[in-house]
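Notes follow the structure.
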Amino acid sequence: MREELLAAAERALEQWIKARGEVPTSETSEGFRLLALHRQGARGVPSFNACRETCREIAYHYNLLESSKDERTQAMMQMLVRHLELFVRGKLEVNGLGEFCCSSRALRLESAPAKIPEGANHG
Amino acid sequence: MAYYPGCALEGTGHAYNESTKAVGSALGLKLDEVKDWNCCGAMEVKNIDPKVQTYLSSRVMSIAANEMHAKVVMAPCNGCYHNLKKAEYDLEHDASSRETVARISEKAGHETYQAGQVETIHALDWIKDGVGEEELKRRLKNSLKGLKVANYYGCMYTRPRHIFPEKDKGPGSESTLQPHFMDDLLAAAGAQNVDFPLKTACCGGAHTLSDSDTSTQLVLNILRAAEAAGADVIATECPTCHSGLEMHQVRAEKVLGEKTTVKMLYFTQLLGIALGVAPRKLGVHENVSDGMEVLKKIL
Numbered sequence: 006m007r008e009e010l011l012a013a014a015e016r017a018l019e020q021w022i023k024a025r026g027e028v029p030t031s032e033t034s035e036g037f038r039l040l041a042l043h044r045q046g047a048r049g050v051p052s053f054n055a056c057r058e059t060c061r062e063i064a065y066h067y068n069l070l071e072s073s074k075d076e077r078t079q080a081m082m083q084m085l086v087r088h089l090e091l092f093v094r095g096k097l098e099v100n101g102l103g104e105f106c107c108s109s110r111a112l113r114l115e116s117a118p119a120k121i122p123e124g125a126n127h128g
Numbered sequence: 177m178a179y180y181p182g183c184a185l186e187g188t189g190h191a192y193n194e195s196t197k198a199v200g201s202a203l204g205l206k207l208d209e210v211k212d213w214n215c216c217g218a219m220e221v222k223n224i225d226p227k228v229q230t231y232l233s234s235r236v237m238s239i240a241a242n243e244m245h246a247k248v249v250m251a252p253c254n255g256c257y258h259n260l261k262k263a264e265y266d267l268e269h270d271a272s273s274r275e276t277v278a279r280i281s282e283k284a285g286h287e288t289y290q291a292g293q294v295e296t297i298h299a300l301d302w303i304k305d306g307v308g309e310e311e312l313k314r315r316l317k318n319s320l321k322g323l324k325v326a327n328y329y330g331c332m333y334t335r336p337r338h339i340f341p342e343k344d345k346g347p348g349s350e351s352t353l354q355p356h357f358m359d360d361l362l363a364a365a366g367a368q369n370v371d372f373p374l375k376t377a378c379c380g381g382a383h384t385l386s387d388s389d390t391s392t393q394l395v396l397n398i399l400r401a402a403e404a405a406g407a408d409v410i411a412t413e414c415p416t417c418h419s420g421l422e423m424h425q426v427r428a429e430k431v432l433g434e435k436t437t438v439k440m441l442y443f444t445q446l447l448g449i450a451l452g453v454a455p456r457k458l459g460v461h462e463n464v465s466d467g468m469e470v471l472k473k474i475l
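Chains L and C supply the protein sequences, listed in that same order.
Position in the first sequence counted from 1, then plus 5, gives you this note's numbering.
Position in the second sequence counted from 1, then plus 176, gives you this note's numbering.
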């Protein structure tokens with residue numbers, strides 16, 4: 006189960022990275038590809054660090070489950086992975102990178118609002 | 177100590193304002209509200225023009241430093257705290273921010289804030305450093321013993337790390353990876369902190385209007401995780417997180433049919449109870465979540 010959950014978390018980050026036009030890394034950080042993917046996904050997007058500790062907690066719970074099959078730990082890891090998936094989904098929508106409903110990239114590009122000129126609001 | 181409540185504490189976070197003041201009074205910590213303060217720039221201004229947000233936050237610090245001659249500004253809202261810290265960082269490291277702030281300050285007719293004139297702290301630092309756990313224990317009137325608490329810090333209290341140079345300095349300092357100041361204070365007040373891995377996870381506050389459904393599901397996940405950890409109550413230290421948890425708890429039940437029963441209370445409300453302040457003075461009745469239900473266990 007812990008392998009499946011870790012893989013699901015990696016898939017969520019892969020979607021974010023692919024939506025930004027990059028190839029998801031196959032490298033690892035501190036023994037986890039998940040942490041390397043997070044680092045890649047947060048490059049240039051500081052707000053993506055809001056899921057940094059969630060990723061670290063997933064790695065921590067993965068390690069915990071190596072020594073014990075405790076149901077509560079497993080349930081917590083499930084919730085952490087779900088949180089990461091929801092967070093990435095929200096980021097995809099807010100950034101117009103998703104390919105679904107009204108936030109899809111194609112529609113966003115068609116109806117993109119005019120850019121505010123540089124310095125227009127500087128008084 | 178200059179006190180910057182920020183806009184939310186006059187609206188949805190009114191109970192946080194009341195309970196912060198009440199706890200300060202009970203602990204003998206004086207607060208002088210920043211005169212004629214303005215919005216810190218929040219998310220709205222920052223998204224359009226970050227330099228205007230830097231200016232707005234700098235004006236608050238300028239009044240504190242140059243008119244009130246304060247050395248420290250305390251901001252209990254994570255958004256305000258974050259923005260003042262960010263402005264401080266920008267003014268120290270970015271010449272164009274300094275130029276913009278100087279220009280607008282001159283137009284507005286007040287002294288330009290210079291980086292380093294004040295230190296911005298959070299309400300957690302205020303109590304942790306101003307009183308500390310041992311003194312807090314000595315002043316307890318109602319122990320929070322028997323109350324299981326999940327401490328929720330939200331995502332802006334520790335991020336991005338570079339704007340909080342005082343954190344991660346070893347024992348005694350706050351950690352950006354595993355914040356613990358709220359845990360420490362509430363444990364000193366007798367509460368039993370539960371192991372809560374989503375303590376800094378996103379509550380969806382930034383896209384609560386643009387994507388309410390995702391926000392509701394993010395909050396629902398936090399609430400479920402707190403319940404799975406055995407918590408009776410989630411302690412909060414940010415008005416945006418707090419109202420988000422409360423409102424989306426209601427929405428999750430209405431829209432998704434998912435009922436959760438964990439309650440939300442500001443950490444200042446919990447400390448106030450421990451210090452013997454009446455729940456009404458702490459604004460517990462203003463919360464959407466019925467905190468009295470769990471407080472009855474200890475009162």
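Positions of the beta carbon are idealized from the N, C-alpha and C atoms, including for glycine.
In this text, all values refer to a predicted model and were calculated from it rather than measured experimentally.
Inset, instruction - Indicate the three-state DSSP secondary structure (helix, strand or coil) for Phe105 of chain L in the structure shown. - result: Any reading at Phe105 of chain L is ruled out, since the residue's pLDDT is 45, under 50, leaving its predicted position unreliable.
Inset, instruction - Mind listing the chain L neighbours of Gly292 of chain C? Cutoff is C-beta to C-beta under 7 Å, in chain order. - result: Here the premise fails: no neighbours, minimum Cβ distance about 23 Å.
Legend entry - DSSP-derived helix/strand/coil call for Lys324 of chain C: Here Lys324 of chain C sits in strand by DSSP.
Inset, instruction - Compare the Cα-Cα distances from Leu374 of chain C to each of L:Gly49, L:Ser52, L:Glu62 and report the closest residue. - result: For the residues L:Gly49, L:Ser52, L:Glu62, the minimum Cα distance to Leu374 of chain C belongs to L:Glu62.
Inset, instruction - Could you check the C-alpha separation between Phe443 of chain C and Leu91 of chain L for me, to the nearest Å? - result: Cα-Cα distance, rounded: 27 Å.
Inset, instruction - Report yes or no: is there a C-beta of chain L within less than 8 Å of the C-beta of Gly380 of chain C? - result: Gly380 of chain C counts as touching chain L.
Legend entry - chain L within 8 Å of Pro341 of chain C, Cβ atoms only: At a cut-off of 8 Å between beta carbons, Pro341 of chain C makes no contact with chain L.
Inset, instruction - Whole angstroms is fine: what's the gap from Arg315 of chain C's alpha carbon to Ala278 of chain C's? - result: In a straight line, the C-alpha of Arg315 of chain C is about 46 Å away from that of Ala278 of chain C.
Legend entry - Val199 of chain C: first and last residue of the uninterrupted alpha helix (DSSP H) it sits in: Unbroken alpha helix (DSSP H) run through Val199 of chain C: 190-203.
Inset, instruction - Report yes if the CB atom of Pro78 of chain L is closer than 8 Å to the CB atom of Leu69 of chain L, and no otherwise. - result: The sequence as given places Thr at residue 78 of chain L; Pro does not occur at that position. Yes; because the gap between Cβ atoms is below 8 Å, this pair is in contact.
Inset, instruction - Return the CA-CA distance between Gly204 of chain C and Gly459 of chain C, expressed in angstroms with no decimal places. - result: If I take the Cα positions, the gap works out to 20 Å.
Legend entry - Residue range of the alpha helix (DSSP H) that includes Val236 of chain C: Per DSSP, Val236 of chain C belongs to the alpha helix (DSSP H) from 226-238.
Legend entry - Under the three-state DSSP convention, the category Tyr179 of chain C falls into: Tyr179 of chain C: strand per DSSP, three-state reduction.
Inset, instruction - Grab me the residues of Ser464 of chain C's own chain with a C-beta within less than 6 Å of its C-beta, minus the 5 sequence neighbours each way, in chain order. - result: The amino acid at residue 464 of chain C is misidentified as Ser; the sequence shows Val. Apart from sequence neighbours up to five positions away, the residues of its chain that approach Val464 of chain C with a beta-carbon distance below 6 Å are Glu422, ordered along the chain.
Inset, instruction - Leaving aside the five residues before and after Asp439 of chain C along the sequence, list all residues of the same chain whose C-beta is less than 6 Å from its C-beta, in chain order. - result: It is Lys, not Asp, that sits at residue 439 of chain C in the sequence shown. Counting only Cβ-Cβ distances below 6 Å, and skipping sequence neighbours, we find Val409, Ser465, Gly467, Val470.
Legend entry - Members of the stretch 289-316 of chain C that neighbour chain L once the beta carbon cut-off is set at 7 Å: Those would be none; no residue qualifies.
Inset, instruction - Rounded to whole angstroms, what's the CA-CA distance from Glu35 of chain L to Ala41 of chain L? Just pull it up for me. - result: Cα to Cα, the separation comes out at about 8 Å.
Inset, instruction - For Glu19 of chain L, I'd like the list of residues in its chain whose CB is within less than 6 Å of its CB, leaving aside the five on either flank, ordered along the chain. - result: Non-local beta-carbon contacts of Glu19 of chain L in its own chain, meaning distances under 6 Å to residues more than five positions away in sequence, involve Pro29 in chain order.
Inset, instruction - Please report the residue range of the alpha helix (DSSP H) in which Tyr265 of chain C lies. - result: In this chain, the alpha helix (DSSP H) harbouring Tyr265 of chain C covers 254-269.
Inset, instruction - Report all residues from its chain with a CB closer than 7 Å to the CB of Glu462 of chain C; omit the five preceding and five following residues, and keep chain order. - result: A distance below 7 Å between beta-carbons, with the five flanking residues on each side excluded, links Glu462 of chain C to the following residues of its chain, in chain order: His190, Ala191.
Legend entry - Interface residues of the stretch 398-411 of chain C facing chain L [CB-CB below 7 Å]: So the list reads Arg400, Ala401, Ala404, given in the order they occur along the chain.
Legend entry - Paired residues, beta bridge with Tyr442 of chain C - DSSP: Note: Tyr442 of chain C sits in a beta bridge opposite C:Thr412.
Inset, instruction - Compute the Euclidean distance between the alpha carbons of Asn327 of chain C and Lys283 of chain C, then round it to the nearest angstrom. - result: Rounded to whole angstroms, Asn327 of chain C to Lys283 of chain C spans 43 Å at the Cα level.
Inset, instruction - Kindly indicate if chain C contains any beta-carbon less than 8 Å away from that of Leu85 of chain L. - result: For Leu85 of chain L, the answer is yes, since a Cβ of chain C falls inside 8 Å of its Cβ.
Inset, instruction - Specify the secondary structure class of Val426 of chain C as computed by DSSP and reduced to three states. - result: Three-state DSSP puts Val426 of chain C in a helix.
Legend entry - Selection from C:Ser391, C:Cys414, C:Ser349, C:Pro181 that minimises the alpha carbon distance to Val426 of chain C: For Val426 of chain C, the closest alpha carbon among the candidates C:Ser391, C:Cys414, C:Ser349, C:Pro181 is that of C:Ser391.
Inset, instruction - Give the range of the beta strand (DSSP E) segment to which Glu311 of chain C is assigned. - result: No beta strand (DSSP E) contains Glu311 of chain C, which is instead part of the alpha helix (DSSP H) from 308-314.
Inset, instruction - Would you mind reading off the limits of the alpha helix (DSSP H) that contains Thr392 of chain C? - result: Run containing Thr392 of chain C: 388-404, per the alpha helix (DSSP H) assignment.
Legend entry - CB contact flag (Pro355 of chain C, Thr384 of chain C, <8 Å): Contact flag unset, no.
Inset, instruction - Within the same chain, show all residues whose beta-carbon is closer than 8 Å to that of Gly406 of chain C, passing over the 5 residues directly before and after it, in chain order. - result: Contacts found: Lys324, Val370.
Inset, instruction - Going by CA-CA distance only, name the one from C:Gln229, C:Cys331, C:Ile297 that's closest to Val249 of chain C. - result: It is C:Ile297 whose Cα lies nearest to the Cα of Val249 of chain C.
Inset, instruction - Report buried or exposed for Ala211 of chain C, applying the criterion of at least 16 other Cβ atoms within 10 angstroms of its Cβ. - result: As written in the sequence, residue 211 of chain C is Lys, which differs from the Ala given in the question. So Lys211 of chain C counts as exposed.
Inset, instruction - Leaving out five residues on either side along the sequence, give the residues of the same chain with a beta carbon under 7 Å from the beta carbon of Ala402 of chain C. - result: Result list for Ala402 of chain C: Ala326, Phe372, Ile410, Val438, in chain order.
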